[in-house]
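Using the numbering used here, you'd call the opening residue of the sequence shown number -13 and step up by one each time. C-beta atoms are modelled at their ideal positions from N, C-alpha and C, and glycine is treated no differently. Take a look at the structure below.
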Amino acid sequence: MLNLDEKFITLDNFGHSMRAPAYVFKPTTAEEISKAFELANKTGLTITARGAGRSYNDAALNGGGIVLDMSTMNHIVKWDPQTGRVTVEPGVTLEKLWQRVEPDGWWPPVVSGTMYTTLGGCLSANIHGKNNFKEGPIGEHVIEFTAVLPTGAEVVCSPQKNADLFYAMISGLGMLGIFTSITLEMKRIYSGLLEVDARPSYNLHEHLTDLLDLAPNYDYVVGWLDATAGGRGLGRGQIHAARYLNEGEDPNSQKTMQLKSQVLPALIFGVFPKSILHYFMSPFVNNLGTWAVNTGKYIASLPRHTFRESHAAFHFLLDYIPNWELSYGRGGLIEYQSFVPKETAEAAWAEMLRLSFKRGLPSYLGVTKRHRPDQFLLTHAVDGFSLAMDFKVTNGNRTKLSQMLQEFDRIVLDAGGRFYFAKNSETTPESAQRFLGEETIAGFKNIKKRCDPNNLLESDLYQRVFGTDKT
Ligand SMILES: Cc1cc2nc3c(=O)[nH]c(=O)nc-3n(C[C@H](O)[C@H](O)[C@H](O)COP(=O)(O)OP(=O)(O)OC[C@H]3O[C@@H](n4cnc5c(N)ncnc54)[C@H](O)[C@@H]3O)c2cc1C
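Here's what the structure looks like:
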């Protein structure tokens, strides 16, 4: 398998706005991963693991180096429907996981907004869901994992065993070792449906107040923020607050927990294949088109209502439209997500939204969530909120957009905020130092020296934010 005559393949990020060629290998065992490290040692090349490549930035890119595509290590090794414990290889996707456990009355405790991510990628980024305020990030539900380190050693980590590695590798951007086996605890459910309360929010103050006040009474809270609305409607949108159904509340629970009731339909209006939908979206992915679509969506969201929806439909709304990111055109998109304390979020985001109008670069999709802090080393969480904003990238706006996002960084940092390494593509070493602190970065680098003395693991993201350690 390991031979550099392999095809040198150009990989990109999820938003198709960043690209880098690399030697791509697909290991199927821990031994093959060790061999890749031997090859890197011999050739002087660096290695980056790649799950499903769903990061919005360069986390899974390694220009000129080796990329280990983990997607073939995708077996569910052990599933116990009595205890809800599951052991998986790192290339198992959330899709494969929920489809296995849901019919038995379980659901993954934390999921991303797409089901196509892998568990290895989810641990490395330490993903958060719409229940972050309650359940924390995915790392809090990991019982144990096994990883191969660049030294060739195989380590088993849990909150009790090799705890420093446990808290550093989860959130560690794949820069300390490669996960080979992950054991997690699932969440018991009594219905395939969630009950969702949908309510409009008329401005940013109300939007954030609703997120804050609703969270304690629900299992999930998420907001859609119309980032094209200014004036008195700045920060308006819609909040969805959802709760699990208790035992007995769903008379058809056996049916609703079957896959048929969860799987997203392949046809729109029963006729058009969803795979062509992104072509119809493209003409609206510009300032005027998005303003018109958002205004329509906001008006439609004004009546408060309650409805029941499958877990898959609630969590993976974006997956409804395959390849939706292609509607952003040739330059692709980037996402900017900031995590800001609840005391300062309103002022910071009002300033950012106004700045985006001033620059003529409004975000076409805004999503808000409620968060709480966690104890992982490279944590992005705060006791506050997150706002994710998608931006269209074109040849004409790339520099201007990048400059605006640097200004956003300053606003977020002044507000005591943090960034998420799976999303932002503009974070600089200075920004990372300000929110992580020198001590945390030094602590991470010390652990890295121990796990990876020859600096074999490096991604484009790591080089961009932490600099290369390779001599
Ligand atoms: C539409 C969409 C919605 C999203 N919604 C959310 C959300 O709600 N919440 C959230 O937190 N994130 C969200 N994300 C981000 C996504 O969850 C993360 O980027 C996640 O890391 C992607 O997983 P992946 O398998 O594609 O990993 P990749 O993007 O391929 O890699 C991510 C990182 O994991 C490392 N890695 C991969 N496999 C391994 C392994 N076996 N061992 C060690 N390191 C490894 C890589 O080196 C890289 O640093 C979303 C992304 C998309 C595209």
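What do you reckon, is the C-beta of K120 under 8 Å from a heavy atom of ligand 1?
Here residue 120 refers to the residue found at position 134 of the sequence shown. No heavy atom of ligand 1 is found nearer than 8 Å to the CB of K120.
Residues in its own chain within less than 8 Å of Y176 by CB, not counting five upstream and five downstream?
Position 190 of the sequence shown, counted from the start, is the residue given in the question as residue 176. Answer for Y176: G91, Y230, L231, N232, E233, G234, E235, D236 and S239, listed in chain order.
Looking only at C-alpha atoms, which of S110, A133 and V134 sits nearest to I124?
By 1-based counting over the sequence shown, the position of residue 124 is 138. That would be S110, whose Cα lies nearest to the Cα of I124.
CB of T195 within 9 Å of CB of Y350, strictly:
For this step, residue 195 is matched to residue 209 along the sequence shown. For this step, residue 350 is matched to residue 364 along the sequence shown. No Cβ-Cβ contact shorter than 9 Å links T195 with Y350.
Rounding to the nearest angstrom, what Cα-Cα distance links D199 and E311 in this structure?
Here residue 199 refers to the residue found at position 213 when the sequence shown is read from its first residue. Here residue 311 refers to the residue found at position 325 when the sequence shown is read from its first residue. Answer to the nearest angstrom: the Cα atoms are 33 Å apart.
For P327 and D369, which I take to be in contact (beta-carbon distance under 8 Å), what is that distance rounded to the nearest angstrom?
The residue given as residue 327 occupies position 341 in the sequence shown. The residue given as residue 369 occupies position 383 in the sequence shown. Between the beta-carbon of P327 and that of D369 there is about 6 Å, and that keeps the pair under the 8 Å contact cut.
Quick one: is P76 buried, meaning 16 or more other Cβ sit within 10 Å of its Cβ, or exposed?
As a working note, residue 76 is residue 90 in the sequence shown. Flag for P76 reads buried.
Within this structure, are the beta carbons of F459 and N43 separated by less than 9 Å?
Residue numbering for the chain in the displayed model covers -13 to 457; residue 459 lies beyond these limits and cannot be assessed.
Is it buried or exposed, L25, if we count other Cβ atoms within 10 angstroms and call 16 or more buried?
Position 39 of the sequence shown, counted from the start, is the residue given in the question as residue 25. Buried, since its Cβ has 16 or more Cβ neighbours within 10 Å.
CB-CB under 7 Å to M(-13), same chain, minus the five flanking residues each way: which ones, in chain order?
The residue given as residue -13 occupies position 1 in the sequence shown. Since pLDDT at M(-13) reaches only 49, below the 50 mark, its modelled position is unreliable, and no value is offered.
Take L442 and list the residues in its own chain whose beta-carbon comes closer than 8 Å to its own, dropping the five residues that flank it on each side.
Here the question's residue 442 lines up with position 456 in the sequence shown. Around L442: F23, A26, N27, T32, I33 and P136.
So L339 and L170 are supposed to be a Cβ contact under 8 Å. How far apart are they, rounded?
Taking the first residue of the sequence shown as 1, we reach residue 339 at position 353. Taking the first residue of the sequence shown as 1, we reach residue 170 at position 184. Wrong, their Cβ atoms sit about 37 Å apart, outside the cutoff.
Cβ of R404 within 9 Å of any chain C Cβ
In the displayed structure, chain C is absent; only one protein chain is listed.
For Y188, which residues of its own chain have a beta-carbon under 6 Å away from its beta-carbon, when the five flanking residues on both sides are left out?
Here the question's residue 188 lines up with position 202 in the sequence shown. R222, listed in sequence order.
Assign I397 to one of three DSSP states: helix, strand, or coil.
Locating residue 397 in the sequence shown gives position 411, counting from the first residue. Note: I397 maps to helix in three-state DSSP.
Near M101, what residues of its chain come up, given a Cβ to Cβ distance below 8 Å and the 5 sequence neighbours on each side ignored?
Reading the sequence shown from its first residue, position 115 is the one you call residue 101. Cβ within range, chain order: T79, L80, E81, W84, A298, H301, F302 and D305.
Other residues of its chain near P186: CB distance less than 6 Å, five sequence neighbours each side excluded
Within the sequence shown, the letter at position 200 stands for residue 186. Result list for P186: Q224, S287 and L288, in chain order.
Start and end residues, beta strand (DSSP E) containing I433
Taking the first residue of the sequence shown as 1, we reach residue 433 at position 447. Per DSSP, I433 belongs to no beta strand (DSSP E); it is in the alpha helix (DSSP H), E424 to C437.
Report the CB separation of V451 from T413 in whole angstroms; it is logged as a contact under 8 Å.
For the purposes of this step, residue 451 is identified with residue 465 of the sequence shown, where counting begins at 1. For the purposes of this step, residue 413 is identified with residue 427 of the sequence shown, where counting begins at 1. Between T413 and V451 the Cβ distance is about 6 Å, and since that is below 8 Å, they are a contact.
Measure the beta-carbon distance from G51 to A16 and round it to whole angstroms, keeping in mind my assumption that it falls under 8 Å.
Residue numbering aside, residue 51 sits at position 65 when the sequence shown is read from its first letter. Residue numbering aside, residue 16 sits at position 30 when the sequence shown is read from its first letter. That belief does not hold up - the Cβ atoms of G51 and A16 are roughly 20 Å apart, past 8 Å.
Closest by CA to G429, which one among V141, G138 and A154?
Locating residue 429 in the sequence shown gives position 443, counting from the first residue. Among V141, G138 and A154, the Cα nearest to that of G429 belongs to A154.
Excluding the 5 residues preceding and the 5 following S417 in the sequence, name in chain order all residues of the same chain whose CB lies nearer than 6 Å to its CB.
As a first step, residue 417 must be located in the sequence shown, where it is residue number 431. D395.
Closest to D244 by C-alpha separation, out of R86, G122 and L387, would be which residue?
Taking the first residue of the sequence shown as 1, we reach residue 244 at position 258. In the sequence under discussion, the amino acid at residue 244 is Gln, which differs from the Asp named in the question. That would be R86, whose Cα lies nearest to the Cα of Q244.
Taking the beta carbon of P269 as the centre, do at least 16 other beta carbons fall within 10 Å, making it buried, or is it exposed?
Position 283 of the sequence shown, counting from 1, holds the residue named residue 269. Its Cβ having fewer than 16 others within 10 Å, P269 is exposed.
Between the C-alpha atoms of L363 and S411, what's the straight-line distance to the nearest angstrom?
Here residue 363 refers to the residue found at position 377 when the sequence shown is read from its first residue. Here residue 411 refers to the residue found at position 425 when the sequence shown is read from its first residue. Between L363 and S411, the C-alpha separation is close to 20 Å.
On the CB-based measure, 16 or more other CB atoms within 10 Å of its CB, does H191 come out buried or exposed?
Indexing the sequence shown from 1 puts residue 191 at position 205. Exposed, since its Cβ has fewer than 16 Cβ neighbours within 10 Å.
Considering only the beta carbon of each residue, do P95 and K173 sit closer than 9 Å?
As a first step, residue 95 must be located in the sequence shown, where it is residue number 109. As a first step, residue 173 must be located in the sequence shown, where it is residue number 187. Yes, Cβ-Cβ distance for P95 and K173 is below 9 Å.
Which term fits P348, buried or exposed, when burial requires 16 or more other beta carbons within 10 angstroms of its beta carbon?
Translated into the one-based positions of the sequence shown, residue 348 becomes position 362. P348 comes out buried.
Which residues in the same chain have their Cβ closer than 8 Å to the Cβ of T14, if we skip the five residues on either side of it in sequence?
Counting from one through the sequence shown, the residue named residue 14 turns up at place 28. So the qualifying residues of the chain are T58 and M59.
For L(-3) and V353, the rounded distance between their alpha carbons
As a working note, residue 353 is residue 367 in the sequence shown. As a working note, residue -3 is residue 11 in the sequence shown. Computed Cα separation, rounded: 27 Å.
Taking the alpha-carbon positions, what's the D400 to W335 distance?
What you label residue 400 is simply residue 414 of the sequence shown in a count that begins at 1. What you label residue 335 is simply residue 349 of the sequence shown in a count that begins at 1. Answer to the nearest angstrom: the Cα atoms are 12 Å apart.
Write down every uninterrupted run of the alpha helix (DSSP H) in the segment 321 to 356 whose length is 4 residues or greater and which is fully enclosed by it, in chain order.
331 to 344
Whole angstroms are fine: how far does the CA of D446 sit from the CA of A46?
If you number the sequence shown from 1, residue 46 lands on position 60. If you number the sequence shown from 1, residue 446 lands on position 460. For A46 and D446, the distance between alpha carbons rounds to 8 Å.
With DSSP collapsed to three states, give me the class of S239.
Here residue 239 refers to the residue found at position 253 of the sequence shown. Helix, per DSSP.
With hydrogens ignored, establish whether the beta-carbon of H2 is closer than 8 Å to any heavy atom of ligand 1.
Along the sequence shown, one-based indexing puts residue 2 at 16. No.
Complete runs of the alpha helix (DSSP H) confined to the segment 247 to 306 [at least 4 residues]
For the alpha helix (DSSP H) assignment, the uninterrupted runs of no fewer than 4 residues enclosed by the segment 247 to 306 are, from N- to C-terminal side, 263 to 267, 273 to 286 and 297 to 301.
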